[in-house]
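There are 2 protein chains.
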Amino acid sequence: MSRAVFDGDEYERRIARTRERMAEADLDAIVVSDPANMNYLTGYDGWSFYVHQGVVITRDRDGPVWIGRDMDANGARATTSLADEDILAYSDDHVHSPRDLHPMDFFAGVLADLGVDDGRIGLEMDAYYFTAKSYTRLRETLPEAELEDATLLVNWVRATKTERELEYMRQAARISENAMRAGLDAVAEGVPEYEVAEAVYAALVDGTGEYGGDYPAIVPLMPSGDHTGTPHLTWTDRRFEDGDPVILELAGCRHRYHSPLARTAFVGDPPAAVEETAEIVVEGMEAALDAVEPGVTCEAVERAWRDTVAKYGIEKGDRIGYSVGLGYPPDWGEHTASLRPGDETVLEEDMTFHTIPGLWFEDFGVELSETFRVTSNGAEPLADFPRRLFSV
Amino acid sequence: MSRAVFDGDEYERRIARTRERMAEADLDAIVVSDPANMNYLTGYDGWSFYVHQGVVITRDRDGPVWIGRDMDANGARATTSLADEDILAYSDDHVHSPRDLHPMDFFAGVLADLGVDDGRIGLEMDAYYFTAKSYTRLRETLPEAELEDATLLVNWVRATKTERELEYMRQAARISENAMRAGLDAVAEGVPEYEVAEAVYAALVDGTGEYGGDYPAIVPLMPSGDHTGTPHLTWTDRRFEDGDPVILELAGCRHRYHSPLARTAFVGDPPAAVEETAEIVVEGMEAALDAVEPGVTCEAVERAWRDTVAKYGIEKGDRIGYSVGLGYPPDWGEHTASLRPGDETVLEEDMTFHTIPGLWFEDFGVELSETFRVTSNGAEPLADFPRRLFSV
Chain A
82 MSRAVFDGDE YERRIARTRE RMAEADLDAI VVSDPANMNY LTGYDGWSFY VHQGVVITRD
142 RDGPVWIGRD MDANGARATT SLADEDILAY SDDHVHSPRD LHPMDFFAGV LADLGVDDGR
202 IGLEMDAYYF TAKSYTRLRE TLPEAELEDA TLLVNWVRAT KTERELEYMR QAARISENAM
262 RAGLDAVAEG VPEYEVAEAV YAALVDGTGE YGGDYPAIVP LMPSGDHTGT PHLTWTDRRF
322 EDGDPVILEL AGCRHRYHSP LARTAFVGDP PAAVEETAEI VVEGMEAALD AVEPGVTCEA
382 VERAWRDTVA KYGIEKGDRI GYSVGLGYPP DWGEHTASLR PGDETVLEED MTFHTIPGLW
442 FEDFGVELSE TFRVTSNGAE PLADFPRRLF SV
Chain B
82 MSRAVFDGDE YERRIARTRE RMAEADLDAI VVSDPANMNY LTGYDGWSFY VHQGVVITRD
142 RDGPVWIGRD MDANGARATT SLADEDILAY SDDHVHSPRD LHPMDFFAGV LADLGVDDGR
202 IGLEMDAYYF TAKSYTRLRE TLPEAELEDA TLLVNWVRAT KTERELEYMR QAARISENAM
262 RAGLDAVAEG VPEYEVAEAV YAALVDGTGE YGGDYPAIVP LMPSGDHTGT PHLTWTDRRF
322 EDGDPVILEL AGCRHRYHSP LARTAFVGDP PAAVEETAEI VVEGMEAALD AVEPGVTCEA
382 VERAWRDTVA KYGIEKGDRI GYSVGLGYPP DWGEHTASLR PGDETVLEED MTFHTIPGLW
442 FEDFGVELSE TFRVTSNGAE PLADFPRRLF SV
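Chains as they are written, first to last, in the numbering used here: chain A, 82 to 473; chain B, 82 to 473.
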């Protein structure tokens, strides 16, 4: 009943590339906790990251081992092509246990069985679902092991995308276009924010007619009015008012691959200052996209944006984008390369970024984003959506 | 522009009760990382838990201190009533930084300013967003501090609900009823799973007409067919088939308070075995609810379920529920009391639980859930939805 979304070869190549990085870091094993990395290496896809779980890869062994809660083992059988003996589950009394029983005790047993309990083991020390307790518990139960920080080791393997991954991101972009249209159509004076959220969500999940959409790793965001300066507040019962700027940020998602998109709307006729700001943001975005090509650094792309807005007397020096792709809540970013001053990562063909520059003033903000692929000679925006301020 | 959803007294009482538990644990300070606990103590509500953030409470100081990313400080101003000087933000170059710069360095500075850097500091060691790296970094930067595990300290304060909290949970229950109806209406032979997800999501966000719904901490789950044994897989493009059992699990959410609800549907005419199983599950659920009253233990509630299904020759001994309320992705459970063998937590009035017993066999499963409040003399289910198998 497997429903893996890539063929076996693709997973094998990903594991081989992970092993190369493990060799460079002299690691005997890596415990992968980030659900996006678990999915990347095995195909595992379930809303089970609220309990401890992981994928272990060793230098010597053929395939990875999945570790999770007993009730999720069937989910691993359904979404991966791992052999039954490579799906190892701990009993339910490990979950939120009042007794002194922790899932990492089970992990330690598996690592011992794999013969790496006295080896160098990489841990995703700063990944979302690898808690402090997971670390201290492993340290206690594996006194002979050298525990090393391997945060982002797999994330960096994810940076360049294959043709199939890009296909899913393009499908996600189709969904993003539909959802953005639905959201912009819904915004109007007197309409509560939650109705716009509903319209966006329905379009995100309903997909294109040919295929549905997955849940995005971040909910649709729509800061409005004086809240355009609070980018991460979510919708409320508040009704949009004439004169509100509204920033819509959303991402279609297909097989967990995202293609985020943001646009700014204005309820009523935008004042000249808002229109002019939008034009500057569009010009800056286009300068950034024009700067993209293999061999260029991430910071050079940000500089193109910054130099453009500087012509209008605006000083900026923030991050304007990040590597994007496979993701689970709470984030669709890959946490590797950023488009910002100081990031000297060199762009390679088939890397994908979400670039989201914006300008904020006292009483309004304008934001605009594109998800793009680095091609052999430029940037390919994945979505096709007008780059302008929308008056609604 | 504050939009706090409880009055100031309620937050003061929560903080006072937290301080009592800190005193019992002899803690000088606690660093709260769980977004639900941050919200509980201050009202802070934003999708910003993908970066490091926290609330610090000390034994001596009046109010809490919020720590987060600079671009989220406005969100703290908008959703809490904290004074400006108690909202402390680190600069954006701490985020996913390639340089050796971590948000916990900023936390350490705040803890020093608060005069507790040589004190006993409680950390939520097993909370989702307090990573292993956060811990090791704090340990390095605060060599004089005693770092103690304070996981669940605040969660236990959350166990009994106030009248206002219950009001939000009842509002969430109204949303759950609407969403369950929408979901059951959408399931039909030939309909893709994502269309049902769309119907459920739209109802969850659209609310009741009087108020909208928040995003739930877990996406709608709808395992169907032979996937009813894989409870945490999410929807796909698969179309429902005649003969599919479909489990719908969802939660309305209002001001981050959840009221989860699950029902099982059957596409077409259910076979006698499925009907009979559903009747046993309903009988067991009702026995569990009948067992609820203040002074009874959690394990006694589970036992009432287990004894009931045992009459039909079915042996079970799993967790059938858990404390529920305020939550953020990835979970609406509070991780404190569980309805399961060995949990001797004594029920108190105004505790709230999600009880979700189920029976799974080779080729189908039946699940049914209720969210209930412990009243002075029994259980008050928050939603009013028929307890039966739905044939669709």
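Each residue gets a CB set at the ideal place from its N, CA and C atoms; glycine is no exception.
Since the model is a prediction, treat every value here as computed from it, not as a measurement.
1. Say whether chain A places a C-beta atom closer than 7 angstroms to the C-beta of Trp475(B).
2. Would you mind stating whether Ile148(B) and Val176(B) have Cβ atoms separated by less than 7 angstroms?
3. Can you check the stretch 288-315 of chain B for any beta strand (DSSP E) of at least 3 residues that lies completely inside it and give the ranges in chain order?
4. Leaving aside the five residues before and after Ser457(A) along the sequence, list all residues of the same chain whose C-beta is less than 6 angstroms from its C-beta, in chain order.
5. Write down every uninterrupted run of the alpha helix (DSSP H) in the stretch 179-254 of chain A whose length is 4 residues or greater and which is fully enclosed by it, in chain order.
6. Take Lys214(A) and list the residues in its own chain whose beta-carbon comes closer than 8 angstroms to its own, dropping the five residues that flank it on each side.
7. Would you say Ile437(B) and Leu420(B) are within 7 angstroms of each other, going by their C-beta atoms?
8. Quick check on Val427(A): buried or exposed, where buried means 16 or more other Cβ atoms within 10 Å of its Cβ?
9. Interface residues of chain B around Gly273(A) at Cβ under 8 angstroms?
10. Tell me which same chain residues have a C-beta within less than 6 angstroms of the C-beta of Ser83(B), skipping the five on either side of it?
11. Quick check on DSSP: helix, strand or coil for Ser83(B)?
12. Ignore the nearest five residues each way along the sequence and tell me which others in Ala254(A)'s own chain have a CB closer than 6 angstroms to its CB.
13. Three-state secondary structure (DSSP) at Arg95(B)?
14. Ala346(A) and Phe471(A) - do their beta-carbons sit closer together than 7 angstroms?
15. Here's a check: name, in chain order, each residue in its chain whose Cβ is nearer than 6 angstroms to the Cβ of Arg335(B), leaving out the five neighbours to either side.
16. Would you kindly check if the distance between the Cβ of Met206(A) and the Cβ of Thr243(A) is under 7 angstroms?
17. For the alpha helix (DSSP H) containing Asp465(B), name the first residue and the last one.
18. Using a Cβ cut-off of 7 angstroms (strictly closer), state whether Leu314(A) contacts chain B.
19. Between Phe466(A) and Met152(A), which are expected to be in contact by the criterion C-beta below 8 angstroms, what is the C-beta distance as a whole number of angstroms?
20. Got a sec: which bits of the stretch 123-136 of chain A sit with their beta carbon under 8 angstroms from any beta carbon on chain B, in order along the chain?
21. Would you check if the distance between the CB atom of Ala280(A) and the CB atom of Gly264(A) is smaller than 7 angstroms?
22. Under 8 angstroms between beta-carbons, which chain B residues line up against Asp287(A)? List them in chain order, please.
23. Measure from the alpha carbon of Glu274(B) to the alpha carbon of each residue in Ile256(B), Leu314(B), Arg468(B), then state which is nearest.
24. Please report the distance separating the alpha-carbon of Arg94(A) from that of Thr433(B).
25. Using DSSP bridges, identify the partner residues of Leu420(B).
26. For a contact defined as C-beta to C-beta under 7 angstroms, what are the partners of Pro179(B) on chain A?
27. If you scan the stretch 146-185 of chain B from start to end, which runs of the alpha helix (DSSP H) of 4 or more residues do you find wholly inside it?
28. If you drop the 5 nearest sequence neighbours on each side, which residues of the same chain put their C-beta closer than 7 angstroms to that of Asp325(A)?
29. Which full runs of the alpha helix (DSSP H) of 4+ residues lie inside the stretch 307-385 of chain A, going along the chain?
30. Just by C-beta distance, which residues in the stretch 396-413 of chain A are closer than 8 angstroms to chain B?
31. Mind listing the chain A neighbours of Ser457(B)? Cutoff is C-beta to C-beta under 9 angstroms, in chain order.
32. So is Tyr393(B) buried or exposed if we call it buried at 16+ other beta carbons inside 10 Å?
33. So, using beta-carbon positions, are Ile256(B) and Gly288(B) closer together than 7 angstroms?
34. So for Ala267(A), helix, strand or coil by DSSP?
35. Which two residues bound the contiguous alpha helix (DSSP H) that contains Leu449(A)?
36. With DSSP as the reference, identify every bridge partner of Met432(B), one or two as the case may be.
To lay it out plainly:
1. Only positions 82 to 473 of chain B appear in the structure, and residue 475(B) is not among them; the question remains open.
2. no
3. none
4. Glu430
5. 184-194, 213-222, 234-238
6. His183, Met185
7. no
8. exposed
9. Sequence inspection shows Pro at residue 273(A); the Gly mentioned does not correspond to that position. Gly293, listed in chain order.
10. Caution is warranted here: a pLDDT of 44 is assigned to Ser83(B), below 50, making its placement in the model unreliable, and the coordinate value is therefore given only provisionally. Result list for Ser83(B): Ser162, in chain order.
11. Legend: pLDDT at Ser83(B) = 44, less than 50; position of this residue unreliable, value from coordinates given subsequently. Looking at Ser83(B) - three-state DSSP - the assignment turns out to be coil, as it is neither helix nor strand.
12. Ser340, Leu463, Ala464
13. helix
14. yes
15. Tyr249, Gln252, Ala253
16. no
17. Note, Asp465(B): premise wrong, no alpha helix (DSSP H); not H, not E.
18. yes
19. Actually they do not touch by this definition, with Cβ atoms about 41 angstroms apart.
20. Asp126, Gly127, Trp128, Ser129, Phe130, Tyr131
21. yes
22. Tyr275, Glu276, Glu279
23. Leu314(B)
24. 48 angstroms
25. Gly402(B)
26. Asp424
27. 154-160
28. Ser305, Gly306, Val348
29. 353-371
30. Asp399, Arg400, Tyr403, Pro410, Pro411, Asp412
31. Going along chain A, no residue has its Cβ under 9 angstroms from Ser457(B), so there is no contact; the nearest lies around 26 angstroms.
32. exposed
33. yes
34. helix
35. Per DSSP, Leu449(A) belongs to no alpha helix (DSSP H) and is neither H nor E.
36. Thr241(B)
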